[in-house]
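Quick note, the sequences are listed as chains U and Y, same order. Going by this note's numbering, 896 is the number at position 896 of the first sequence; the sequence numbering is gapless. Going by this note's numbering, 219 is the number at position 219 of the second sequence; the sequence numbering is gapless. Written below as structure tokens is the structure these notes are about.
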Amino acid sequence: MTANRLLKALILCPALLLAAFVSQAQTKTITGKVLDEKGNAVTGASIVVKGGKSGTTSDATGSFKLAVPTTATAITVSYVGYVPRDVDVSTTTDVSVSLSPDNTSLTDVVVIGYGTAKRKDLSGSYSTVTAKNFNKIPATTPDQLLQGKVPGLQVTVASGAPGSVSQVRIRGNNSIRAGTEPLYVVDGVPLDGRSARPGFSSISGLGAIPESNPLSYLNPNDIENISVLKDASASAIYGSRGANGVIQITTKSGTSGPSRFDINTSWGIAGLMTQPDVLDVGQYREALSKYGAHSDSGASINPFDAIIRHKLSQNYSIAFNGGGTERSRFRASFFASSLPGIIDKTQLDKYIGNINGSYKFIDDKLTLKFGLTAANTKEQIAPISNDPGSTGNLVSLSMQWNPTLLLQRGETQYTVNPNGQVNPALLSKAYNDYAVVTTLLGNISAGYKLLPELEYQFFYGVNYSTGTRGQELQGYITGTGGNADGKGLANTGSAELFSQTITHTLTYSKRINDLSVTALAGYEYYSTKYKSQSTSVYQFDYNLSLSNLVPIHYYDNMQDGKQSNLTTSSSNDPTTELQSYFGRVILSYRNKYTVSASIRADGSTKFGENNRYAYFPAVSGKWQISEENFMSGGHVFSNLALRVGWGKTGNQSFPSGASQDRYKYNSNGSLGVVNFANPDLKWETVTSTNGGIDFGFMNNRLTGTIDIFFKKTTDPLFPGTLAAPAPAGVLWQNLPGYVSNKGGEIGVNWQIIQNKDFAWSVNPTATYVKNKFVFPEAGEGPLVLTGNLNGKGTSATWVQAIADDQPINVFYLRQFHGFDKDGFAITDNFASYAGDPNPKWVVGITTEVDYKNLSLTVNMHGAYDFFIYNNTIQSVTGLSFITNGSNISKTLIGSPENIANPVSASTRFMLSGNYMKLGNATVNYKVGDLGKVVKNLNVYVTGVNLFTLTKYPGFDPEVNVSKSDINGTGIPSIGIDYVGYPTPRTFIFGLSLSLGN
Amino acid sequence: MNINNKFLTIVTALVIASGCTKLNEDFNDSINNPGSGGNTDVTALLNNAYNDMNTPFNNQDQIFSLEENVTDECLVPTRGGDWDDNGVWRVLHAHSWDVTHQQAQSVFINLGKLESDATTVLAFKPSQEQAAEALFLRSLAQFYLLDLYAQVPYRTVEKYNSIDAAPVLEPAAAIDTLVANLTQIIPQLSDANQPYKASPNAARFLLMKVLLNKQAFLNRESPGTADNGDMTQIINLGNDIINSGTSNSATGAPLQFTPHYFDNFGPNNGGADPAYGFGVGAEMIFAFPNLPGVSNNNGRNSVGVNARWMMTLHYNSYGHPGDGVYGGAGWNGFSTIADFYNAFDASDTMRRGNVPYPGVTNTSGLKVGLLEGQQYDENGQIRVDRNGNPLQFNPEVHLVEPDPLTLEDNGIRIIKYAPDYQNYTGGQQGNQLQLFRLADVYLMMAEAYLNQGDAASALAKVNEVRAARKAAPLASLSLVNAGNLYDENTLLAERQKELYWESWRRQDLIRMGVYLQPWALKEADDAKYLLFPIPSTQLIVNPNLTQNPGY
């Protein structure tokens, strides 16, 4: 089916490949130079004859040369972010053009779903961040470039591991199940959202290694801009995938003008941002004597010294701009980076190549574009899981390790802890884990102008990703528990992800007197497939003792594993297919009144047979008040607009195959039911209503937006318990309740000072969201418990709930009322709803100070009014563990707690997570041009994660570890802190330059 | 036709042509209907149902916990940093749990899964023998749902794959269904299935349990007088088992008492051990199979049975700190109370234990039975706790251990299943998990005789068991002494000594009307604790269920 459809579609492209015609006329040549407000050369500015379409662009020195008809009287000079200028050339052929910045960016072209639009024509809620405003960090993933930059957007980077997953939420948390990430669309290719990195089940007590970020294959230097589609008016065109908002990533394409190499390189070094919350050796000795414990082994060490390392990170990026014209241009880039983590044996190496081009034929009626990204990422992973059992992971073992006990003497002599704790240095040595993921992301499109105002476009996008992984635990380490303890184990696995999109669109744009009309109609087909396999074996013959080591990884030598201990499995998920029809109309009258309406119909193989198609409408309007006559003439407002919008978006983040009877063979000849049919299963719907004001004062030196939004998720998808008797698994169903998110957001950009030599701007953002789940049928008790704790004394302990009239993931805990006279905790007998883990306030602030060629940019972000559960103090560094020769949390010293006090879960460990983090600060020096070849040289120093203002004890209050729920159905949790990968503080030196002439 | 119109035509045709996707879901690695080819793999469906027994019967926090931790023979004290687990263990022994109790929720779901997968087998034209096995498994699930929750949701065979609210059997209807189904399948099952699959003897045993508990199932607060006909049927079924002559297929030996009590649970209980001759594990009527060293067993999953000893052993109970062999593997949890330890008379040492076991004591010093006092290693050296003090299991025990110096050591431990050290670190141990055992048949028959007023026949049956255990015969026997639960001349006390930690104690206490009495670390309590609460998630999805009184 797919192949046929593709074939039919591709027939179009050769048909469109017809010869182009070039016309000649009488000309004169205009030369000139384009400068910015500071007098610096503007590279890549567009220069066209006024009213015409032939033109050129300025080169690296800002110079241009343009042949114009002798009759031409003016040229138009424009550049993104600047006010376009018409320059009179009736009497001169040599001009110097100074452009002034357009603070409102109203002329910006914004990428919207299936097209572009001028910002002034948009009535929905879009935020676009361009490359120059990205966080200046060696980001492994694009979402980190936006942290703190966009009102309504919360990015939580939960782990310090290179390539770790970050959580992205747009205007709150819409859902009670997993799949709350926005839809990512890269150059029109919607991504699947999964990674092809194979996952392995947990190694006994060590836990399961978390997933890695599925977006780490994008080269941050290739990104031109990122648009965040926040309300339904913006995202409803994506239908059943748009409910969590859409993040559209546009990569850089070739610019016209002289060819040029852009080079970026940086080198960095990192250490711990926050020291571990445990006693140092002196404090530990005092605590031993205070509590009558006898574990002083005489030495004085910091166990983290054995696993923390400071290794140089490197980034090299080179991009070649093909020196094309408006009608024919291309860009190629190559990126290589090596990002070592601060924990030994963790690293992310990336090699990414990209090439794209754009060509026009047949009097510019036909446009062909293509883009291809090929990326190879290699990840080295340490045994740092989110869910270790009582054994612990590399971080918890280092926290616990008795600081008076040496870790090792010599190469092969590792101390065996008399209390049975695994030696973290030995664990690090014995554990090896590498994952390699190769990703191809390609697209090709052909657009043809059927009429001057009507364009047809065909688009084909493909995303293929394949990953392999090998993991081993060498046999010489013991005490990790489980079958393989002391025997050695290895896992190998591979996975494959393939998705493709075929889109046909017709776009109609026409201006009729004062009314401009833009209309879109389209059809889209999307499919995605995922399959994986893994093999596991334990009990090897070699490397069972440190005294005789063979340098062969178990996972490269699986045949040595005892074959009766070999298990293998493979799976091939049901294919998901989507078929969609969509349309959109934007009407704008005199730039004052804009109305936009869209609708999408989505059919999905995942939906139950009674609900095959879903419909998602949206409407919005904008009143550009500042264009009204009564606002003209020296009014304080330089821009004022009022926006309102309403719409529905959907979410279909549930597994394929969930709506039908499904049976699967399991091990040992058993045939089990995966699920029984739910023919009514459908998407969940987010209905959002929002209103906003865009404003600008002082000639747009101070601009901003204020929005309020009301979102309601109906038919929320819930992986619920089946009515017993029922087979294994869950019943995916739509609950007759709802989730509401109400709030507001503000973003301000204030150019406080704007002089030739000195400029200062601030850009604060703030978002307030109040989240609630409403489902009275659930009664007063929790509908389901989630937030499973891990570690000692916490089996079957869940601390969060999904419950009626409570925020999603509300903490459900017994209240703690201090200690009794014997030092035992006093708590309520029963749990109650105790606090909200969802930050009500998410804030960010960026400030930039420029002085001549020097600039300082500081980005901070924070979150307020929420709680974190500190599972680490409870289960790793709790007081009672000192009797077992473990180190304990600093925060416990001085409390009246008895060391026999049970480590009960209670509000005692539910702590305020308020924080403000200095995410990054950059000092940049613009050297400028060196000689004829080196242009625009910049050198900079950046500090990342410099410090965090918080009272929270732990590595980082930016916590997002998802823990399983009571039925293991995948209902996420929020804000449970348990011995994750510590946050690195990084210092980077970098330079960027262009080569060209 | 100009070029633009051509394009329009092509585009229109293309969109229409590509718009014909029917959106059928390709499953790739699974199937929509196991009977779609006409030949259904019923054997594989049945294996799946058997495997559903794994979690609820093997795990220490499932049926075992609900049937044992609520009684006077088992508790899990909170020991400082260990075994808090949100209080889940303490509330069981103290009878103060509530609707959120996770174990009660999980067992309900897992029994429902067993019931559902057994019903699915019936929907795909099984042979009579396969249908009988599926009915046995469904009855087993329904028996425990009736016992623990007094409400039995079920699916008819026609509606096996419905996701709607399931109809619910009240106790009387559930008992009728169980009796009818079990009676029907006894002649249809194969003797050769004993002990790992549904056999006639397994069905007879389960039917005896249903009939014996019938009055309690109908009214737990005050069970009615036993029905004479039911008691006669129990005695007949018991005789059928004893006289069946069937051999436990693993050993080749006929069903009979095992000479050494702890061999019923030892690593070799699945087969004949040359050192012991015949009879190792010969009392097995129904057991969950485990093959040493391998993880599958002819279509049945073999699981780690090691929780049965790890849950109770001290961290240092075996192995030596630092030697990496069996080190630190005990979980130091499950214990029993002093009253139970003291209830054994001097002649009953075989069952009380605290005695050496070959292959175990010489490996690690660990003994089997009720462990009290100083613990030793295999060389006779004393073991120490993690504080460095001598490791002595004290009879004294508390729900929350208050003293940092003794919290690791308090509580008598019970090793019924001797660790399989030969396969210890291999993860798959050879101990078969005993579910139905011959000795219980004798004791159930004795109870039936007592209910009929025939104390002499009852005493004879009990003394047969005691003789097999080399304990002195009793002179008299009554059912229960409400003033002393450990009165040795009662059937309740005899059942405890024979069947402790085999998941029968809660049923026995309820059936004999003494479950709400106080015992060590439990006050006299509310009648609501006779039942577990229905999970609130189930009440939402199934309006046919009603929450049990008091929750």
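We put the beta carbon where it would ideally sit given N, CA and C, even for glycine. None of the values given here were measured: they were computed from a predicted structure.
Per DSSP, which residues does residue i bridge with? Please list them.
i, result
"residue 760 of chain U", "U/753, U/849"
"residue 526 of chain U", "U/501, U/578"
"residue 803 of chain U", "U/782"
"residue 88 of chain U", "U/74"
"residue 431 of chain U", "U/473"
"residue 320 of chain U", "U/261, U/332"
"residue 985 of chain U", "U/271"
Using a cut-off of 9 angstroms between C-beta atoms, extract the partners of residue i located in chain Y.
i, result
"residue 356 of chain U", "Chain Y residues near residue 356 of chain U: none, gap ~25 angstroms exceeds 9 angstroms."
Output, in chain order, the set of chain Y residues within a Cβ distance shorter than 8 angstroms of residue i.
i, result
"residue 800 of chain U", "Under the 8 angstroms cutoff, chain Y gives no residues; its nearest Cβ is about 13 angstroms from residue 800 of chain U."
Taking Cβ-Cβ distances shorter than 7 angstroms, what residues in chain U pair up with residue i?
i, result
"residue 45 of chain Y", "671"
In three-state DSSP terms, what is residue i?
i, result
"residue 978 of chain U", "coil"
"residue 113 of chain Y", "helix"
"residue 167 of chain U", "strand"
"residue 1019 of chain U", "Outside the displayed range of chain U (1 to 997) lies residue 1019 of chain U, so it cannot be described from this structure."
"residue 485 of chain Y", "coil"
"residue 160 of chain U", "coil"
"residue 56 of chain Y", "helix"
"residue 149 of chain Y", "helix"
"residue 90 of chain Y", "helix"
"residue 297 of chain Y", "Because the pLDDT of residue 297 of chain Y is 49, which lies under 50, any placement of that residue in the model is unreliable, and the number read from its coordinates should be weighed accordingly. Three-state result, residue 297 of chain Y: strand."
"residue 233 of chain U", "helix"
"residue 640 of chain U", "strand"
"residue 285 of chain U", "helix"
"residue 331 of chain Y", "coil"
"residue 455 of chain U", "strand"
Between which residues of its own chain and residue i is the CB-CB distance below 8 angstroms, once the five residues before and five after are set aside?
i, result
"residue 55 of chain Y", "62, 110"
Name the chain U residues that come within less than 9 angstroms of residue i, Cβ to Cβ?
i, result
"residue 165 of chain Y", "723"
"residue 108 of chain Y", "724"
Between residue i and the rest of its own chain, which residues show a CB-CB distance below 6 angstroms, the 5 nearest in sequence each way excluded?
i, result
"residue 15 of chain U", "In this predicted model, residue 15 of chain U has a pLDDT of only 36, less than 50, meaning its place in the structure is not dependable enough to derive any value."
"residue 26 of chain U", "70"
"residue 127 of chain U", "150, 228"
"residue 484 of chain U", "538"
Which chain U residues are close to residue i, counting only those with a beta carbon under 8 angstroms from its beta carbon?
i, result
"residue 407 of chain Y", "900"
"residue 341 of chain Y", "Under the 8 angstroms cutoff, chain U gives no residues; its nearest Cβ is about 24 angstroms from residue 341 of chain Y."
"residue 116 of chain Y", "673, 724, 725, 726, 727"
Going along chain Y in order, which residues have a C-beta closer than 7 angstroms to the C-beta of residue i?
i, result
"residue 500 of chain U", "Per Cβ cutoff of 7 angstroms: no residues; residue 500 of chain U is ~13 angstroms from chain Y at best."
"residue 573 of chain U", "28"
Only counting the same chain, and skipping five residues up and downstream in sequence, which positions put a Cβ closer than 7 angstroms to that of residue i?
i, result
"residue 679 of chain U", "608, 609, 610, 659"
"residue 201 of chain Y", "194, 241, 244, 246, 285"
"residue 88 of chain Y", "101, 102, 103"
Using 9 angstroms as the threshold, is the C-beta distance between residue i and residue j below it?
i, j, result
"residue 80 of chain Y", "residue 826 of chain U", "no"
"residue 721 of chain U", "residue 774 of chain U", "no"
"residue 154 of chain Y", "residue 532 of chain Y", "no"
"residue 972 of chain U", "residue 786 of chain U", "yes"
"residue 62 of chain U", "residue 33 of chain U", "yes"
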